[in-house]
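As structure tokens, the structure follows; a few thoughts come after it.
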Amino acid sequence: MKFSAFLILIPAALRASAQLVVQEQQRPLLDASAQYPGFHVDLNAQRLLEFEDGSRVMMSELEKLELKMRGERFFDVTETPNLNSFGIKKSVDFSYPALSKNETVRDVIKTLTTDGPKANLEVFSGFKTRYYRSDSGRESQEWLLNRIKETVSTSASDAIQSSINVQAFPHSWTQSSIILRINGTSGTDETVVIGAHQDSTNMLFFLPAPGADDDGSGTVTILEALRGVISSGLRPKKNVEFHWYSGEEGGLLGSQAIAQAYKAASANVYAMIQMDMTAWVKKGTKEVVGVVEDFVDPTLTDYVKELVEAYLDIPYVATACGYACSDHGSWSKAGYRSSFTIESEFHDSDPNIHSTRDTIDVSPEFSFTHMLEFSKLAAAFAIELGEWEKA
Ligand SMILES: *[C@@H]1O[C@H](CO)[C@@H](O)[C@H](O)[C@H]1NC(C)=O
Ligand SMILES: *[C@@H]1O[C@H](CO)[C@@H](O)[C@H](O)[C@H]1NC(C)=O
């Protein structure tokens, strides 16, 4: 996710300088002619960015990285220039059905634990960086894809396994996204999507980025929810998909590419929820689920609040995150109904992101039991909206 308050951690001299020159050394922090071994970044490449006021500006990758360091919000629309230009008509009187899977949801969420997320996140935050244009970002993605496949083969019955497809969704950059699809039993084209982003970044892209909270936490949170639902012996009537996006930190690249492909195929995405940062409980604050209310679908967001009240052990608070904040934004932009939950009120979220300090052991504020509440929410979202039942 994007975090403008990070600016306070960047020395004022850097912030003021368009060139990002380290004053003492008179050497640019980012140098378009430098070699960055293990990274596949062309700092001279031209990118098209879109801003909240609708304006579009062409600039170099180097200038884009500088904008991000200054906390500016944007979509990089270079490869998805038409995502919002042909409309999907949302009906005005649409509503989601009343909650009806109380027993099923409770049975599944009591099987969720912190064990898998802990073990998975230890490995996943151990890659030097999961930067979307890096070799280690590619390796972390291959590890994750294998981990997802193992989870399916060890947790799901043969019948459910035969309805599941897991595959990489390749991009023009190094790290692929990952899509797991569970075909519904009813034959409907309606699809429920649960997402997180797998890439991480340091403010300086070539430095280490453990990305434990951003968004390793969301990545393992939804994987635990997946394990729970496919272990239940039940099957969904609607199609249910779990997405792990690449390139979120590059301007919501992976999710935009997927949303564009789905829109081009007239896919019927019924509901989408993004989980980006699910671990942090700031010292002195009450444990809550932050339900983001801007750049989301209000009907689905109200539904998410109902799920929190019905199934979680902690309450929600409404919060806002801003333009192009995480991958739900790509689905909203494409005209689909999307929602976003985060670890806390936005201003209480993890201050260590985009740095070497975004680790699981940086502070007791990093909480796997907090994360578990989000796995419960993701499972409830999948079960209620996907209508899981005995097949
Ligand atoms: C769900 O079931 C529990 C008991 O298992 C009950 O306490 C709760 O009121 C039920 N909630 C709804 C919304 O039916
Ligand atoms: C799921 O459904 C799609 C669309 O009907 C079909 O193309 C695909 O082969 C199915 N996948 C599995 C694993 O059954």
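Residues -18 to -1, 1 to 373, numbered by mature numbering (1 follows the signal peptide of the UniProt record, and there is no 0), are exactly what the sequence shown covers, in order.
Backbone N, C-alpha and C define an ideal beta-carbon position, used for all residues, glycine too.
Just so you know, these numbers come straight off a predicted model, no measurement behind them.
query                                                                                                                          : result
Spatial neighbours of residue 2 in its chain, beta-carbon cut-off 8 Å, leaving aside the 5 residues before and after           : Because the pLDDT of residue 2 is 48, which lies under 50, any placement of that residue in the model is unreliable, and the number read from its coordinates should be weighed accordingly. Counting only Cβ-Cβ distances below 8 Å, and skipping sequence neighbours, we find -5, 10, 11, 12, 48, 51.
Residues bridged to residue 153 (per DSSP)                                                                                     : Paired residues: none, contrary to the question.
Cβ-based burial, residue 181 [other Cβ within 10 Å; buried from 16]                                                            : buried
Close-in-space but distant-in-sequence residues of the same chain around residue 55 (CB under 8 Å, 5 per side omitted)         : -17, -15, 33, 34, 304, 305, 306, 307
Any non-hydrogen atom of ligand 2 closer than 7 Å to residue 250 Cβ                                                            : no
Nearest to residue 175 (by Cα), restricted to the options 96, 251, 281, 93                                                     : 251
Backbone CA spacing between residue 301 and residue 105 [nearest angstrom]                                                     : 31 Å
Those residues, in chain order, that have a beta-carbon closer than 7 Å to some heavy atom of ligand 2                         : 144, 145, 146, 147, 163, 165
For residue 259 and residue 319, the rounded distance between their alpha carbons                                              : 20 Å
Stretch-stretch touch, CB-based, cutoff 8 Å, three pairs: the region 350 to 357 with the region 85 to 104                      : yes
Contained alpha helix (DSSP H) runs [length at least 4] in the region 48 to 104, N- to C-terminal order                        : 84 to 91
Every unbroken alpha helix (DSSP H) inside the region 283 to 359 [4 residues or more]                                          : 310 to 315
Given residue 282 as reference, the closest of 77, 112, 17, 237 once Cα atoms are compared                                     : 77
C-beta atoms of residue 156 and residue 115 nearer than 8 Å                                                                    : yes
Backbone secondary structure at residue 159 - three-state DSSP                                                                 : strand
Reduced DSSP secondary structure (H/G/I, E/B, other) of residue 218                                                            : strand
Heavy atom of ligand 3 within 7 Å of residue 362 beta-carbon                                                                   : In the structure on display, ligand 3 does not appear, and the ligands it does have are ligand 1 and ligand 2.
Under the three-state DSSP convention, the category residue 28 falls into                                                      : strand
Secondary structure of residue 378, DSSP reduced to three states                                                               : Residue 378 is absent from the structure shown; the chain starts at -18 and stops at 373.
DSSP beta-bridge partners of residue 173                                                                                       : 221, 251
Cut-off 6 Å between Cβ atoms - residues of its own chain near residue 83, not counting five sequence neighbours on either side : 365, 366
Residue from 62, 153, 26 with nearest C-alpha to residue 38                                                                    : 62
Distance cut-off 7 Å: residue 81 Cβ against heavy atoms of ligand 1                                                            : yes
heavy atom of ligand 1 below 7 Å from residue 221 C-beta                                                                       : no
Residue 115 CB to nearest heavy atom of ligand 1 below 7 Å                                                                     : no
Same chain, Cβ closer than 6 Å to residue -2, five either side skipped, listed in chain order                                  : Reliability of the predicted coordinates at residue -2 is poor, the pLDDT of 42 falling under 50, and no value is obtained from them.
Whole-angstrom C-beta distance between residue 257 and residue 338, which should lie under 8 Å                                 : Between residue 257 and residue 338 the Cβ distance is about 23 Å, and since that is not below 8 Å, they are no contact.
Residue 41 versus residue 154 - alpha carbon distance                                                                          : 18 Å
heavy atom of ligand 1 below 7 Å from residue 88 C-beta                                                                        : yes
Counted within 10 angstroms of its Cβ, other Cβ atoms place residue 192 as buried (16 or more) or exposed                      : buried
Near ligand 1: residue 194 beta-carbon under 7 Å from a heavy atom                                                             : no
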